[in-house]
Amino acid sequence: MIHVITGTDTEVGKTVSTAVLAARALQLGQSVAIYKPAQTGVQGQEPGDAQDAARWLGHPERLTASEGVRLAEPMAPADAALCAGLDPVLALPSLDSHVQRICELAARHDAVLVEGAGGLLVELTAQGQNIADLAAALSAELVVVARPDLGTLNHSALTLEACLARGFDHGTLLLGSYPAQPSVLHARNLENLRQLAASRGWRFAGALPANLVADPAGSRGALYRAAGSLEWRQAAAPVTAT
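Using UniProt numbering, the letters of the sequence shown correspond one by one to residues 1 to 242.
Dropping the structure here:
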C-alpha cells in the first residue's frame with residue numbers, strides 16, 4: 001500500500017505525521033519504507049526528513065528511509081536547484097524515475113510512505129509535475145496534513161478542492177501540531193476540519209499533539225501512542241491485507 005503525505009502548507013507537521021503512520025504500520029507487523037522525493041534545506045550529511053522519522057522511531061529493522069534528491073536551499077526543488085547553480089532538468093529526477101523507485105520499494109515493503117515537499121501543488125520535477133501528479137501516477141491515497149491555527153480552514157478547503165478536482169475522491173485529512181491547551185479557535189478549527197472532510201467524502205484522522213518528538217528519549221513511545229489512537233484506527237492507515 002502506498003500513501004502520499006502532503007500538506008496545506010510547509011511546516012504543518014508532515015514529517016511527524018509520516019512517522020506516526022510508519023509507527024502504525026510497524027505496530028501491525030509490517031515493513032515500511034519512507035521515501036522523500038525531494039529533500040531541500042539540508043546540507044551534506046545532515047539528516048533529512050525521512051532520516052529524522054526513522055531516528056524518532058528508533059531505527060527499527062523493518063523500516064527504511066531514502067530520498068530521491070537532496071538540495072541545500074530551503075525552497076521548492078526547482079528553485080533550490082537553480083540556487084545551487086544546477087540545471088533542474090539534470091538535477092531533479094523525473095516523475096517516471098520517482099515512480100520506478102517507489103514501485104521498487106513497494107515490492108520489498110508492506111507499506112510505502114511518500115512525503116512531499118511543501119504543499120500539494122509544489123513542483124517536484126523540472127517538467128512542472130507536482131506531488132499530486134506523483135500520487136496519481138502511483139494510484140496512491142493522499143494524506144493531507146493541516147495546521148490548527150488561523151487561516152487553516154481556507155487553506156484546507158482549497159487543498160481538498162484541488163484534490164477532488166484531480167480525482168482524489170477519497171483520502172485522509174489530519175490536523176498537525178495541536179496544542180496541549182487549545183484555544184477556542186483551535187477547538188473550532190478541529191471541529192470545522194472534521195466537518196470539511198466529511199462533506200468532501202474524506203476521512204478525518206483527528207489531531208496529532210504538538211511536540212510529539214520534542215523529547216528525543218521519549219519520541220518513539222509518543223509516536224506509537226499517537227498511532228494507536230482511536231481516530232487513527234478509523235482513518236486510512238497504511239495497512240495491507242494479510
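Cβ coordinates follow ideal geometry from the N, Cα and C atoms, glycine included. Please read these numbers as outputs of a predicted model, since none were measured by experiment.
Closer than 8 Å to chain D by CB, residue i
i, result
"residue 173", "Here there is only one protein chain, and chain D is not present."
Inter-residue Cα distance where the pair is residue i and residue j
i, j, result
"residue 69", "residue 188", "39 Å"
"residue 120", "residue 83", "22 Å"
"residue 7", "residue 63", "23 Å"
"residue 159", "residue 77", "20 Å"
"residue 104", "residue 96", "12 Å"
"residue 215", "residue 66", "24 Å"
"residue 36", "residue 49", "7 Å"
"residue 125", "residue 89", "8 Å"
"residue 204", "residue 109", "26 Å"
"residue 87", "residue 117", "19 Å"
"residue 190", "residue 20", "19 Å"
"residue 222", "residue 58", "12 Å"
"residue 18", "residue 12", "12 Å"
"residue 128", "residue 112", "24 Å"
"residue 5", "residue 140", "10 Å"
Reduced DSSP category for residue i - H, G, I as helix; E, B as strand; rest coil
i, result
"residue 28", "coil"
"residue 113", "strand"
"residue 3", "strand"
"residue 77", "helix"
"residue 101", "helix"
"residue 184", "helix"
"residue 11", "coil"
"residue 123", "strand"
"residue 66", "strand"
"residue 91", "helix"
"residue 208", "strand"
"residue 84", "coil"
"residue 242", "Annotation note: pLDDT 34 at residue 242 (below 50); position unreliable, coordinate value reported separately. Three-state DSSP puts residue 242 in coil, outside helix and strand."
Residue i burial status per 10 Å Cβ neighbour count (16 or more: buried)
i, result
"residue 115", "buried"
"residue 138", "buried"
"residue 30", "buried"
"residue 167", "exposed"
"residue 211", "exposed"
"residue 228", "exposed"
Proximity test, residue i beta-carbon vs the ligand ZN heavy atom, cut-off 7 Å
i, result
"residue 157", "Inclusion of the ligand ZN in the displayed structure is not the case, the ligand content being empty and no account of it being possible."
Nearest-angstrom Cβ-Cβ length linking residue i and residue j, presumed shorter than 8 Å
i, j, result
"residue 22", "residue 72", "That belief does not hold up - the Cβ atoms of residue 22 and residue 72 are roughly 26 Å apart, past 8 Å."
"residue 148", "residue 207", "7 Å"
Count the CB pairs spanning the region 144-159 and the region 38-52 that are closer than 8 Å, and state whether there are at least three. no
With a threshold of 8 Å, are at least 3 pairs of Cβ atoms found where one atom belongs to the region 192-204 and the other to the region 165-184? yes
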